[in-house]
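Enquirer:
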Amino acid sequence: MLQFPPWKVLLVLVVLIWGIVMALPNVMNMSNAPGFLPKQSVNLGLDLRGGVYLEMEIPPAEVISSRLSVFARDVRSAFARTSDREPIYFQPELRGRTMLIKLSRPDADGNFPVEEALRRLDRINGPIEGGLAGGKTFEMTRAGQDGILVSVSAASESAMLADALSKTMTIVRRRVDPDGVAEISLTPSGNNRIVLEAPGEPDPERLKTLLSRDGRMTFNLVETSPADIASAQAGIVKPGFRLLEGPETGPLLVREIPEVVGADIATASQGNDEANRPQINFRLNANGARKFYETTRNNSGKLFAIVLDDVIMSAPRINEPIPGGNVRITGSFTIEEAQDLAAIIAAGEMPAKVQFLDQRVVSSTLGEDSIESGFRAAVVGLSLVAFFMILAYGLQGMFAVLSLVANVILIFAALSLLGATLTLPGIAGIILTIGMAVDANVLVFERVREEQNNGRSIWTAVQAGYERALITILDANITTLFAAIILYSLGSGPVKGFAVTLALGIITSVFTAFVFTRMMTVFWLKTFKTKRLAV
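Shown next as structure tokens:
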């Protein structure tokens, strides 16, 4: 228990030196340091750095309605004529969480082919996402003599919401932080809510605008006939077309079925045109590039509308075939608008439009005040603990104080290594750790004092003190560690920050109190041949 061979001493020193090196960026500027040294300090959370807090909700009804709309397109393909079967004529009617498939043409006997329709629907009705055995995504029931009612079971709805939540979080992160350097915090809350914390972001309205867009990108050919456009403006739209408009194009009649869709886009970014004005550059994937080339080759002279969320961004005229899949959108954009639109296009289409439930803006001044208050509280807490330990245990108390300092250094080193975000509750966790970290030392010192009073020599007293206190120390810290794990698993945002620093503090405090303090005690006894510790 009291043996410290050279390899063990070296291991302890390596851990401490590593902690100091990793924690250095938190107390000094390391931007000009050699490449092998860390440069980044601990990430500061919203309450310390200032920024925007947004709570969003994905409406379950909209998720289901969107999935039913997609299923309606699959139904159209399933009911279409093929070489070996007759078409089934129908009209879909979306009714919120259900869809009524109304068959519109009976057979020669005057009967509607409901059974055949059900068989075809069963082939395209896949299993519930997540692999539940025997479960189907949609439930089909007859609705009278000529109808089929499509609904969603509770299990399927849960799977749809989980999938929508996952996709929405990915798209939100891509839109808000396309470069992956903004240190945003994105956490789920329940089965259909998301909490976004964007430190350093001053404008919540910009984020809401960025996230409220559906992000549906299409490339549609344009009908330029003046008569058809006039009829559409009068309310009579040519079948297979839609009347859309844009800020620079005015109303245009575009084909309802697009030639290229957002899924065909590989990358998108903000760039500049020949006059150094902001534009949006994007590259199509192989499939999209092929379709784009074929469309531009076969439709020379026609307008080709680039549509985002039913708004025409631009409608250039096709002058020649365009190979390669490199496309650009020009217009009267600011740099920020072009960057935001590029992020929306690159991130992809939202599975459902989000609704904003709560928003808060934390000023950077308030964040600085929080840091100052937290630092002051930590210093006061450490000073009081140090005063008590030295007063109560003398030299051993001084060793405990040194281990406390090492403990705080290791906590910040671990936070830097993990890329964790430090919040105000996280600072509270560190302060709590400072108070708890001396528990192990107090238990050991009291054991040593008791053994010395019972007449044992200093070496046997110290060994007995550490051996007998070990089980108690482990029990206390393991139960607290379980509590921190539960807080992290069930909590969100600030609660997670508190749990992280508390868990790290428990691990580092056991190391510093039971290894580092013991090593200093053993070295002192060997060096000065002390006969009795003043504890």
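Residue numbers for the sequence shown follow our numbering, so the first one is 64 and each next one is one higher.
C-beta atoms are modelled at their ideal positions from N, C-alpha and C, and glycine is treated no differently.
CB-CB under 7 Å to G554, same chain, minus the five flanking residues each way: which ones, in chain order?
Expert: Here the set comprises A562.
Enquirer: Restricting to runs no shorter than 4 residues, where is the alpha helix (DSSP H) found entirely within the segment 420-508?
Expert: Entirely contained in the segment 420-508, the alpha helix (DSSP H) runs reaching 4 residues are, in chain order, 427-456 and 458-481.
Enquirer: With N344 as the anchor, note down where its beta strand (DSSP E) starts and where it stops.
Expert: Element bounds for N344: P341 to L347.
Enquirer: In three-state DSSP terms, what is F142?
Expert: Three-state result, F142: coil.
Enquirer: One question on the structure: do E118 and D421 come within less than 8 Å of each other, judged by their Cβ atoms?
Expert: Yes, they are a contact pair.
Enquirer: If you reduce the DSSP assignment to three classes, tell me which class V417 lands in.
Expert: Looking at V417 - three-state DSSP - the assignment turns out to be coil, as it is neither helix nor strand.
Enquirer: Work out the CA separation of M499 and G457 for me, nearest whole Å.
Expert: About 19 Å.
Enquirer: Name the one or two DSSP bridge partners that M203 has.
Expert: Paired residues: V213.
Enquirer: Mind checking whether A576 and L544 have CB atoms under 8 Å apart?
Expert: Not closer than 8 Å, so no.
Enquirer: Check whether the segment 125-144 and the segment 426-445 touch, using three or more Cβ-Cβ pairs below 8 Å as the test.
Expert: Too few Cβ pairs lie closer than 8 Å, so no.
Enquirer: Tell me where the beta strand (DSSP E) around P314 begins and ends.
Expert: First-last of the beta strand (DSSP E) with P314: G313 to R318.
Enquirer: Can you grab the Cα-Cα spacing for the pair Y551 / F304, in whole Å?
Expert: Rounded to whole angstroms, Y551 to F304 spans 52 Å at the Cα level.
Enquirer: Report the three-state DSSP secondary structure of P40 (helix, strand or coil).
Expert: The shown model of the chain, from 64 to 598, leaves out residue 40, and the question about it has no answer.
Enquirer: Give me, in chain order, the residues of the same chain whose beta-carbon lies closer than 6 Å to that of M583; leave out the 5 immediate sequence neighbours on both sides.
Expert: Same-chain partners within the cutoff: F462.
Enquirer: On a Cα-Cα basis, can you pick out the residue from E156, G173 and F355 that is closest to K165?
Expert: The candidate whose alpha carbon is nearest that of K165 is E156.
Enquirer: Grouping DSSP H, G and I as helix and E and B as strand, with all else coil, what is L79?
Expert: Helix at L79.
Enquirer: If I measure Cβ to Cβ from A196 and keep anything under 7 Å in the same chain, skipping five residues before and after, which residues do I get?
Expert: The pLDDT assigned to A196 is 49, lower than 50, so where the model puts this residue is not dependable; a value taken from the coordinates is nonetheless given after this. Same-chain partners within the cutoff: there are none.
Enquirer: Is A297 helix, strand or coil when you go by DSSP?
Expert: Note: A297 maps to coil in three-state DSSP.
Enquirer: Work out the CA separation of L212 and R136 for me, nearest whole Å.
Expert: For R136 and L212, the distance between alpha carbons rounds to 16 Å.
Enquirer: By the three-class DSSP mapping on this structure, what secondary structure does Q515 have?
Expert: DSSP places Q515 in helix when its eight states are reduced to three.
Enquirer: DSSP three-state call for P289: helix, strand or coil?
Expert: In this structure, P289 counts as helix in the three-state DSSP scheme.
Enquirer: Tell me which residues share the same chain as V601 and place their Cβ nearer than 7 Å to its Cβ, disregarding the 5 neighbours each side in the sequence.
Expert: This structure leaves residue 601 out entirely; the chain is present only between 64 and 598.
Enquirer: Measuring straight from C-alpha to C-alpha, what distance separates N361 and S479?
Expert: Taking the straight line joining both Cα atoms gives about 57 Å.
Enquirer: Note the first and the last residue of the continuous beta strand (DSSP E) segment covering Y116.
Expert: Residues G114 to E120.
Enquirer: What would DSSP say about M232, mapped onto helix, strand or coil?
Expert: Correct three-state label for M232: helix.
Enquirer: Are the CB atoms of A218 and G189 nearer to each other than 8 Å?
Expert: No; because the gap between Cβ atoms is not below 8 Å, this pair is not in contact.
Enquirer: Grab the span of the beta strand (DSSP E) containing K165 for me, first residue to last.
Expert: Note, K165: beta strand (DSSP E), T161 to L166.
Enquirer: With burial defined as no fewer than 16 other Cβ atoms inside 10 Å of the residue's Cβ, what is the status of N95: buried or exposed?
Expert: That one is exposed.
Enquirer: So, helix, strand or coil for N389, using DSSP?
Expert: The answer is strand: DSSP assigns N389 an E or B state.
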